[in-house]
Structure formats: C-alpha cells, structure tokens
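Using the UniProt record's numbering, the first residue of the sequence shown is number 1, and each one after it goes up by one. Cβ coordinates follow ideal geometry from the N, Cα and C atoms, glycine included.
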Amino acid sequence: MSTGKPLKPIASDAPSADIAPLQFGVDGEQAERDWPLITREEVEAVLGRFPSIGPLAGLTWHSPRPFSAAVLITTANGNEFFVKRHHVKIRDVEGLAEEHAFIAHLASRGLPVADIIAMPDGATAVTQGEWTYEVHRAAGGADVYRKAMSWTPFADTSHAFAAGHMLARLHIAARDYAAPARAIRPLLSSFRALNESDLIGALDRWIDAQPLLVRALGARDWRSDVSEVILPWHARLAPFLPGLRPLWTHGDWHASNLLWTGSTPGAQVSTILDFGLSDRTCAVYDLAVAIERNAIEWLSAQDTRRVHLDHIDALLNGYESITPLSGDEYAALVALLPIVHAEFALSEVAYFHATLGSPENAEVAYDGYLLGHARWFSEPAGRALLDHLESRERVFRSPD
C-alpha cells in the first residue's frame, strides 16, 4: 500500500463507542479512522507467535491515537496485554527493535516502563503481511488522560511537577545508553537537521533521504518558508548546539503517555508509555517537546488559546528538583521551543500526503503545524511565553 486509505477490517462485531472511541485527528476527534481497528482474528494470529501469553478471551478497548492501531486484550487466564499494529512503511521489525532496546535499557535502570513480550526466539516484533505487531503487558496505573489529545493541559500543576520529575529521571537513566540515532524513519521526534549549524543544508540532505517527503513537498518552496519562519529561531539556537549533550529521549512527553497512581492532585507517574517517537536528541529538546505538547492549547482558536505558564513552571520545577538547567540550557530552550516540532511536522507532511493519501491533512501539517506554530511565537502570546522563560532563567540564576 503506497497511497490512498488503508483497507477496512475484516467484518466483525461492531464495538461500542466506549470500546472504540473516535480517533484523534489533526484538529480534533474524527469519526473515520486512518487505520482499521484490530480484529479478534488478527489478535489470535499474532498471539500464535507469542505462546507464553495464552489464548485470547476478548478485546476490551481500542486506542483512539493516530499513526497506528492498538487494542487492549484479556486472555483466558485473566491477564491483560496491549497489542499494537503498525503499517510496515511506518515501523518494521528493525524500527521497533530500536525503541524496544531503549525501553529495555531504561527498565534495567529502574524506570517504570512497559514490559514488552518476546517470542521464543527473543524477537519483540513480528511482521504479518503488510503489518508489524508488538505486544506489551498491560502496565500498572490509572490511565487518567486516556481521552486527552496532545496539546491539552495537565489536570493539575502537581501532575505537571510529577511529569517533570519523572522526565529528569528518564534523562539520567539514558545517559549511559550509547546506541546511535535511529535510522531515518517516518514520524520520529528527530533532531538531525536542527542540530546542524547549516540548517538548510542539513534539511536538504535529510529530505533527500526520504523519497516520500520529497514527493509530498512537491512544488512547495520549502527553503524559502524555512528561511523566513524557522531559520531566525535556529540562528539563536546555533551558538548553543555544541554544548547540548546527545541523549536518547522520549520525544512525546505528554500526560496521556503516562499512567498515574491516581486521578487526584498529588498523583505520581506510575508508568511511562509509548516510545514510538524516541530518538537520540538532547535533554533540552525533550523539555521543549514537553512544553509544546502540554502547555499551549493549539487546538483552540487563536484568540482564545490559553498558555499554561503555571504548568510550565511546575514541569520545570519538577525537572530541576533533580537536574537543574544551566543558563546556556535555558537560552537553548527559549530558542528551540518555537521550532522543536519542525522535523516531526515535515514527517507528518509525508505521512498524510504519501501514506494516507490526504493532501488536505498534509496542508494542515505544513501550513498550520510546521509554519503556524513557529510563527505564533513571534506574536504577543508566544513572545510572552518566551519572555516568561527568560525571566525565569534570570530569577533562578540571580545571586541570593
């Protein structure tokens, strides 16, 4: 499958809205899913490759998240597992092995991550037809943000603090993980081009390595757009790039990718989920992603869009309670935040245009996401956010 909508699932009993909620789309919920729901027949075929799991009892919930399909299942012995399916053009066995190795490293350092199930030969992913599957043991904790899309805020500042605290723990645990950056793949939180002093040249090389992205960009004058909108921020970032230590990071640090000890204020993070966007970036990159994902209500109309400065402060307070940031790291964070999404946004352009055959969504990803988010930081509300971070840095670095 190269273009057009994916095939619909094999006929099966229609699940209820509670079991199969609407998919999260580019600008809200959408009724039509990009990828078909996983069927009982599929799960049974996959479980045949994972004999330690046992026979299937039922499917209990389909994830609404985009880019893949996933379902919670129960087995005959009462255990719960999470089965996730990717199209092979998005993730193959080798691609999943990259993130599974990082998860295994974090587990070895005591981080609360999902338990990935292996087959008898030790492999943790399997390809069947045009799909790649992985199976996780259902993780412990309350799925408080199950219905929360990216770009929606924490329920409480205490949750933001707990998320920042856990992110710092993850970064410490990742310091001795020496794997190279992932192969160039779709839909990664990539820091390849942004980490180069010559941004346009680096983007040229990165884009040329992805034929689907070349095709998706088509006649767009992306060099001119990037030079106008992205490059001024990158020029501020460039002097700090040599001091940003390479580090494997989560890449999608949002409240919905965390399980919690409860739903009330004061709850702590119990499990870290979904390393699908992870790659070798740096700590400041991951912090910028966390702010961009959680503290700015991008899905609201621009004149009503809220920025949760109290959540940003709580997130950074939690992080710095373990790992304080230097002045240069704060300066890099201010410069990187407006453009941290750039490579992922370009990858979304290719995904929507070439994989899903949706030029409309590709246009949203290019104009609204890649360029629109960066432009917003030059407007009063965005400038106020960056001023807040700069003033925070001055307060934290001022002498007693």
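Does residue i pass the burial test, meaning 16 or more other C-beta atoms within 10 Å, or should it be called exposed?
| i | result |
| --- | --- |
| N257 | buried |
| P66 | buried |
| P94 | The sequence shown places Glu at residue 94, not Pro. It counts as exposed. |
| A331 | buried |
| S52 | exposed |
| D400 | Its pLDDT being 48, under 50, D400 is placed unreliably by the model, and the measurement read from it follows with that caveat. So D400 counts as exposed. |
| T264 | exposed |
Taking the alpha-carbon positions, what's the residue i to residue j distance?
| i | j | result |
| --- | --- | --- |
| V289 | G141 | 24 Å |
| P359 | A365 | 10 Å |
| E42 | F50 | 13 Å |
| K5 | V88 | Note that K5 scores 35 on pLDDT, short of 50, meaning its location in the model is unreliable and no value can be drawn from it. |
| E320 | E393 | 12 Å |
| W260 | A118 | 26 Å |
| G58 | P36 | 18 Å |
| A148 | G327 | 33 Å |
| R33 | P239 | 43 Å |
| W151 | A69 | 21 Å |
| G368 | E329 | 28 Å |
Cβ of residue i within 7 Å of Cβ of residue j?
| i | j | result |
| --- | --- | --- |
| residue 434 | L371 | Outside the modelled stretch of the chain, which goes from 1 to 400, sits residue 434, for which no answer is possible. |
| C282 | L325 | no |
| H136 | A114 | yes |
| H353 | A342 | no |
| M166 | V71 | no |
| A139 | E80 | no |
| E292 | R306 | no |
| I116 | T124 | yes |
| S158 | G266 | yes |
| E390 | V340 | no |
| Y351 | P211 | no |
| Y177 | H250 | no |
| L277 | S378 | no |
| G54 | T75 | yes |
| R223 | I200 | yes |
Under the assumption that residue i contacts residue j (Cβ atoms under 8 Å), give the Cβ distance between them as a whole number of angstroms.
| i | j | result |
| --- | --- | --- |
| N294 | H254 | 6 Å |
| W233 | A374 | 7 Å |
| D279 | R182 | 5 Å |
| I184 | A202 | About 12 Å separates the two Cβ atoms, so there is no contact after all. |
| F161 | A314 | 4 Å |
Do the region 166 to 186 and the region 105 to 118 make contact, defined as three or more Cβ pairs closer than 8 Å? yes
Is it true that the region 121 to 136 meets the region 214 to 222, where meeting means three or more beta-carbon pairs spaced less than 8 Å apart? no
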